[in-house]
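Asker: Residues in the sequence shown are numbered consecutively from 722, following the working numbering.
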Amino acid sequence: MRKMDEMEWSINLKGIKWSYLFLIVSLFIWGVFNFIKTQEMSLPLILVILQFLVYFFVTSIAKSNVDDDSGKKQIFISLGVIFLLLVFGGILYFTVGR
């Protein structure tokens, strides 16, 4: 199997970007529709959220592996925000949610 040249690589990359965008928009619309209809988080919306989290962490880790300080900073900030959200959610759950 031969390697792709630059034009084929560009065409494939463009196709991947557009199909990815279509998939994310479709899942988001489906998830929002289900959320409005049932008032519960549905699988499509959860998949969109998890996909963005995976993408964010993979790019941040890749940046930190090439000694880019912005990747490390993003990871620490995001972990801090996640921690604060968990603490705040726990406080709300045990005070208001019960």
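In this text, a Cβ means the ideal position worked out from N, Cα and C, and glycines have one as well.
Using DSSP with H/G/I as helix, E/B as strand and the rest coil, what is Ser-763?
Answerer: Translated into positions along the sequence shown, residue 763 becomes position 42. Here Ser-763 sits in coil by DSSP.
Asker: Using the rule of at least 16 other Cβ atoms within 10 Å of the residue's Cβ for burial, across every protein chain shown, is Leu-766 buried or exposed?
Answerer: Reading the sequence shown from its first residue, position 45 is the one you call residue 766. Its Cβ being crowded by 16 or more others within 10 Å, Leu-766 is buried.
Asker: Using a Cβ distance threshold of 8 angstroms, determine whether the stretch 774-787 contacts the stretch 746-755, with at least three qualifying pairs required.
Answerer: No: fewer than three Cβ pairs fall under 8 angstroms.
Asker: Residue ranges of each alpha helix (DSSP H) run of no fewer than 4 residues wholly in the stretch 723-784, ordered along the chain?
Answerer: Taking only runs of at least 4 residues, the alpha helix (DSSP H) segments lying wholly in the stretch 723-784 are 727-759.
Asker: Taking only three categories from DSSP, how would you classify Asp-715?
Answerer: With the chain covering only 722 through 819, there is no way to say anything about residue 715.
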